[in-house]
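The next block holds one structure in the form of structure tokens; read it before the comments.
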Amino acid sequence: MLTAAGVSKSFGGVHALSGVDFAVNAGEIHALVGENGAGKSTLIKILSGALVPDTGVVRLGQARLPSGDPPAARRLGVSCVHQEFTLVAGLSVADNIFLGRERGRGWLRRREMNRAVDAHLADLGVTIPAGTLVQDLSVAQQQLVEIARALADDARVLILDEPTASLADPEIDRLFAVLQRLCGQGLGVIYISHRLEEIFRIADRVTVLRDGRVVSTSPRQEVTRAELITRMVGRDLSEEYPARTATPGETVLELEHLSSPPRFADATLSVRAGEIVGLAGLVGAGRTSTGLAVIGALRASGTLRVRGQAVTFSSPSAAIRAGLAYVTEDRKARGLFPLMDTGANITVAFLRAFAHGGWLSAAEERLAAESAARDYDVRASGLDQPAATLSGGNQQKLLLARYLLKPRSVIVLDEPTRGVDVGARAEIYRIVNRLTEHGLGVLMISSDLNEVLGMSDRVVVMRDGRTVGELARGQASAERVMAMATGTA
Amino acid sequence: MNKGSRVPGFRGFRGFRVPGFGYAIFVALLVECAVLAVATDAFLTPANLGNVLRQNAFTAILAAGMTFVILTAGIDLSVGSVVGLSGMVCASVMAAGSGVPAGVASGLVVGLAVGVLNGAAITTLRVPAFVVTLATMLIVRGAAYKLTDARTVSGLPAGFGALSSSFASATLMIGIFVAAWLLLMRTPFGRHVYAVGGNAEAAWLSGVRVARVQFAVYTLCGLTAGAAGVLVASRLNAGYPRAGEFYELDAIAAVVVGGTSLFGGRGSIWGTLAGAFFIGVLNNGLNLFRVSPYDQLIVKGVVLLAAASLDRWRRA
Numbered sequence: 000m001l002t003a004a005g006v007s008k009s010f011g012g013v014h015a016l017s018g019v020d021f022a023v024n025a026g027e028i029h030a031l032v033g034e035n036g037a038g039k040s041t042l043i044k045i046l047s048g049a050l051v052p053d054t055g056v057v058r059l060g061q062a063r064l065p066s067g068d069p070p071a072a073r074r075l076g077v078s079c080v081h082q083e084f085t086l087v088a089g090l091s092v093a094d095n096i097f098l099g100r101e102r103g104r105g106w107l108r109r110r111e112m113n114r115a116v117d118a119h120l121a122d123l124g125v126t127i128p129a130g131t132l133v134q135d136l137s138v139a140q141q142q143l144v145e146i147a148r149a150l151a152d153d154a155r156v157l158i159l160d161e162p163t164a165s166l167a168d169p170e171i172d173r174l175f176a177v178l179q180r181l182c183g184q185g186l187g188v189i190y191i192s193h194r195l196e197e198i199f200r201i202a203d204r205v206t207v208l209r210d211g212r213v214v215s216t217s218p219r220q221e222v223t224r225a226e227l228i229t230r231m232v233g234r235d236l237s238e239e240y241p242a243r244t245a246t247p248g249e250t251v252l253e254l255e256h257l258s259s260p261p262r263f264a265d266a267t268l269s270v271r272a273g274e275i276v277g278l279a280g281l282v283g284a285g286r287t288s289t290g291l292a293v294i295g296a297l298r299a300s301g302t303l304r305v306r307g308q309a310v311t312f313s314s315p316s317a318a319i320r321a322g323l324a325y326v327t328e329d330r331k332a333r334g335l336f337p338l339m340d341t342g343a344n345i346t347v348a349f350l351r352a353f354a355h356g357g358w359l360s361a362a363e364e365r366l367a368a369e370s371a372a373r374d375y376d377v378r379a380s381g382l383d384q385p386a387a388t389l390s391g392g393n394q395q396k397l398l399l400a401r402y403l404l405k406p407r408s409v410i411v412l413d414e415p416t417r418g419v420d421v422g423a424r425a426e427i428y429r430i431v432n433r434l435t436e437h438g439l440g441v442l443m444i445s446s447d448l449n450e451v452l453g454m455s456d457r458v459v460v461m462r463d464g465r466t467v468g469e470l471a472r473g474q475a476s477a478e479r480v481m482a483m484a485t486g487t488a
Numbered sequence: 000m001n002k003g004s005r006v007p008g009f010r011g012f013r014g015f016r017v018p019g020f021g022y023a024i025f026v027a028l029l030v031e032c033a034v035l036a037v038a039t040d041a042f043l044t045p046a047n048l049g050n051v052l053r054q055n056a057f058t059a060i061l062a063a064g065m066t067f068v069i070l071t072a073g074i075d076l077s078v079g080s081v082v083g084l085s086g087m088v089c090a091s092v093m094a095a096g097s098g099v100p101a102g103v104a105s106g107l108v109v110g111l112a113v114g115v116l117n118g119a120a121i122t123t124l125r126v127p128a129f130v131v132t133l134a135t136m137l138i139v140r141g142a143a144y145k146l147t148d149a150r151t152v153s154g155l156p157a158g159f160g161a162l163s164s165s166f167a168s169a170t171l172m173i174g175i176f177v178a179a180w181l182l183l184m185r186t187p188f189g190r191h192v193y194a195v196g197g198n199a200e201a202a203w204l205s206g207v208r209v210a211r212v213q214f215a216v217y218t219l220c221g222l223t224a225g226a227a228g229v230l231v232a233s234r235l236n237a238g239y240p241r242a243g244e245f246y247e248l249d250a251i252a253a254v255v256v257g258g259t260s261l262f263g264g265r266g267s268i269w270g271t272l273a274g275a276f277f278i279g280v281l282n283n284g285l286n287l288f289r290v291s292p293y294d295q296l297i298v299k300g301v302v303l304l305a306a307a308s309l310d311r312w313r314r315a
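In order, the protein sequence lines correspond to chains A and B.
Heads up: the first sequence begins at 0 in numbering that gives the first Met the number 0, then just goes up one per residue.
Heads up: the second sequence begins at 0 in numbering that gives the first Met the number 0, then just goes up one per residue.
Right, here's the structure in full:
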């Protein structure tokens with residue numbers, strides 16, 4: 000019913016999708032799986048009209064779907080529930096569901112809207128009064144309202160992106176029952192989930208995406224879990240990553256039952272000098288929050304030890320003084336000072352080292368920034384180039400230069416190669432490798448399974464806010480990490 | 000991109016550098032002065048220039064402190080009221096016979112105290128600066144009235160008026176601007192001010208103690224407002240409880256016209272000085288041309304809007 004043929008899309012030279020064919024039939028639940036960054040989000044944005052593909056066409060039935068115009072696609076019957084909530088917190092459930100297509104002219108026909116909403120919600124087996132404000136709902140209820148809103152459009156195709164991420168089992172059961180009933184009435188569903196067991200429960204067909212291409216499309220009965228994972232992870236890892244030769248020394252970082260509900264509930268792990276510990280898990284498993292808690296950016300209970308000493312950091316500033324640092328996954332929002340030049344961006348964390356009697360020494364600062372830019376291979380036209388104009392890879396290396404300007408004993412790298420091109424990636428791996436040879440302990444949070452397996456001496460897996468297991472380099476495989484991360488071991 | 004930004008970096012250390020659009024306000028000020036010099040006989044006379052200086056020194060001083068606050072993406076609405084209260088306290092102390100130094104010191108302490116209060120409230124209560132300083136604006140103005148039941152305090156020592164002579168005003172103002180410039184461009188604190196305004200989250204994760212920086216800028220802003228209050232009292236030769244009404248708006252206007260971004264992280268202290276005098280000379284020119292006070296307001300509003308949108312337009 001909804002078909003994509005030969006769809007390609009690239010962002011700034013990076014191919015997000017190349018030549019993808021995908022189709023969902025009426026009455027079918029078609030699952031779409033793949034690693035983070037495989038192109039799933041791009042594909043559903045194209046299918047729901049939010050993105051215009053570079054090449055290829057999307058058709059609904061025989062007609063071309065208007066692209067770049069999600070409301071039009073919605074009117075034609077393609078509805079999408081995104082991972083991020085799009086509800087307006089200060090409005091009622093009914094107002095949200097009818098947002099943009101309110102009933103009534105001039106005056107709202109509120110009673111009529113409420114009745115319609117009550118009917119939709121009852122359909123989903125939910126009992127939320129239509130007048131409740133969205134901000135008063137639980138996350139799970141909000142998720143259900145999102146789905147109710149999508150269904151209220153008389154959708155012919157429903158796209159669900161990780162719809163169960165915040166739902167408990169009974170709610171999931173109910174959602175699945177509703178989906179199956181609607182499919183019986185001819186609705187086509189595109190279902191995206193990291194949880195493979197859900198896919199085996201409800202999907203009719205499964206398509207695997209990897210690096211922007213379709214690896215396979217097969218009926219559920221004809222594929223096994225292990226096959227799916229292998230297809231998702233794909234390529235041989237052996238050559239991309241430099242050989243690890245550093246020998247681990249004493250333990251430099253220990254987390255014991257570190258906990259900061261609701262973000263994460265129990266993180267226990269350790270990192271030794273010269274060691275890279277990969278922290279794997281699904282998006283939302285609590286890895287970034289754990290990283291932030293380590294450097295005092297997030298209040299947490301439990302024990303944190305640095306070089307054997309129990310510590311409590313009240314702020315990142317205290318952690319930095321103690322020889323730690325955290326390199327963010329979100330360069331734009333939490334990393335760069337876009338208005339400052341490259342040099343000032345590099346020295347900002349350790350400015351006091353260049354001050355004598357309170358006055359900054361321009362010469363010393365420049366020297367330090369120059370040598371750090373060289374060491375970390377930050378390629379800029381000069382130290383005065385605005386940091387915002389650097390490429391993603393150079394911005395990432397700039398952050399490494401900033402936080403490692405003074406020797407550290409432990410560094411937390413959060414998604415160190417997200418949005419970084421292949422060449423700079425290899426540079427970053429080489430740099431991290433070199434640092435560990437000098438005794439730096441690295442906790443590397445990454446959603447890129449290849450990276451985790453290729454770089455880590457040990458892999459710690461988190462699921463639902465807890466560290467659930469640990470695998471040594473030799474034992475770690477994509478299948479085992481995935482199984483632990485999804486709780487299907 | 001960001002061509003016109005005044006961003007602390009390595010070049011900034013060499014001194015006075017205002018690239019790209021940053022020049023616009025200086026050029027505008029020069030053009031304005033040139034036009035007035037040609038079009039009127041009165042503008043270039045020593046008496047008139049001295050007047051312009053004295054009339055605008057306190058606005059410029061207020062704007063110097065305000066620049067720090069706005070660079071961190073904050074705002075301080077209380078400075079006008081601080082001018083009122085610090086002048087009242089200063090005058091009352093002197094009227095009670097305690098001498099000029101004690102009076103001046105008490106005026107400064109009032110400013111400092113309000114600044115500390117603002118800074119503490121903003122960083123600990125986590126109420127937006129706009130709201131906190133709106134509240135202190137009311138509280139401090141109320142205190143200024145209450146101090147004497149709204150009576151003017153006069154009969155000040157003879158020497159006090161000398162503080163607001165052209166020379167003394169100019170010296171004080173230049174001293175404050177040079178100090179502010181050194182602080183912003185040559186100390187870790189100054190860089191942290193830009194960092195907090197540019198990206199507070201990144202600053203925090205880089206070990207900048209964001210709350211401390213915020214506390215410091217409001218304290219500094221209070222202190223300069225206290226100084227401006229003393230200067231205004233000296234100029235009026237009295238403690239007048241309504242002194243400084245709406246001065247916060249003049250100060251913010253000077254900072255914005257001077258090219259500092261209300262979103263923080265971008266701007267320069269010399270731009271603020273030029274901005275203050277651009278507005279001051281505009282006032283002077285309108286007076287010299289005998290434009291009616293009502294029309295003056297309209298012209299000033301239009302100029303302010305034009306200056307701000309020019310900045311936008313150049314940056315887009």
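Yeah, the Cβ is synthetic: ideal placement off N, Cα and C, and Gly gets one too.
Restricting attention to A:I28, A:G422, A:S446 and A:F353, the CA atom closest to the CA of L157 (chain A) is found in A:I28. Here V326 (chain A) is not near V409 (chain A), since their CB atoms are 8 Å or more apart. For G301 (chain A), the three-state secondary structure derived from DSSP is strand.
Measuring C-alpha to C-alpha distances from V458 (chain A) to each of A:G277, A:L397 and A:R333 identifies A:G277 as the nearest. When beta bridges are read from the DSSP output, R204 (chain A) appears opposite A:H29 and A:P218. Going by DSSP, Y325 (chain A) is part of the beta strand (DSSP E) stretching over L323 to V326. Taking a C-beta distance under 8 Å as the contact criterion, A167 (chain B) and V347 (chain A) do not qualify as a contact pair. When the alpha-carbon of R378 (chain A) is set against those of A:P52, A:S360 and A:A400, the nearest one is in A:A400. Closest in alpha carbon position to V115 (chain B), among B:Y217, B:M184 and B:G225, is B:Y217. The three-state reading of DSSP puts M443 (chain A) in strand, counting E and B together. Under the DSSP assignment, Y190 (chain A) falls in the beta strand (DSSP E) whose first and last residues are G187 to I191. The three-state reading of DSSP puts E244 (chain B) in coil, since its state is none of H, G, I, E or B. Residues of chain A with a Cβ closer than 7 Å to the Cβ of G118 (chain B) do not exist, since the nearest Cβ in that chain sits about 17 Å away.
Assigned with DSSP and collapsed to three states, V195 (chain B) falls in helix. Annotation: Cβ neighbours of P315 (chain A) in chain B (cutoff 8 Å, chain order): W203, L204, S205 and G206. When C-alpha distances from S308 (chain B) are compared across B:E244, B:G258 and B:M93, the shortest belongs to B:G258. With respect to V113 (chain B), V81 (chain B) sits close: the two C-beta atoms are nearer than 8 Å.
Taking R286 (chain A) as reference, the option from A:A484, A:Q395 and A:T435 with the minimal CA-CA separation is A:A484.
At the C-beta level, V130 (chain B) and L84 (chain B) stay beyond 8 Å of one another. In this structure, A:I43 is the residue among A:T85, A:I43 and A:G89 with its C-alpha nearest to the C-alpha of G67 (chain A). Counting along the chain, M461 (chain A) sits inside the beta strand (DSSP E) bounded by residues R457 to R462.
For F97 (chain A), not one C-beta of chain B is nearer than 8 Å to its own C-beta. Not a single CB atom of chain B sits nearer than 8 Å to the CB of A371 (chain A).
Contact check between the segment 44-62 of chain B and the segment 166-183 of chain B: three or more CB pairs, one atom from each, fall below 8 Å, which counts as touching. In terms of Cα proximity to R298 (chain A), the closest of A:S258, A:D265, A:F175 and A:F336 is A:S258. Among the residues facing chain A, A179 (chain B) is not included, as its CB has no counterpart in that chain under 8 Å away. Listed in chain order, the non-local C-beta contacts of G342 (chain A) below 7 Å within the same chain comprise R365, A368, L382 and D383, local neighbours out to five positions each way being set aside. In the three-state DSSP reduction, R378 (chain A) falls in the coil class, being neither helix nor strand.
DSSP places K396 (chain A) inside the alpha helix (DSSP H), whose first and last residues are G391 to Y402. For S78 (chain A), the enclosing beta strand (DSSP E) starts and ends at V77 to V80.
In the structure shown, I138 (chain B) adopts helical secondary structure according to DSSP, grouped into three states. Note on K8 (chain A): 16 or more other CB atoms within 10 angstroms of its CB, so buried under the neighbour-count rule. Residue state for P187 (chain B) is assigned as helix, using DSSP reduced to three classes. Within the same chain, and ignoring the five residues on either side of T151 (chain B) in sequence, the residues whose Cβ sits closer than 7 Å to its Cβ are A237, G238 and Y239. Membership of V6 (chain A) in the beta strand (DSSP E) is indicated by the continuous run L1 to F10. At least one C-beta of chain B is nearer than 8 Å to the C-beta of G357 (chain A).
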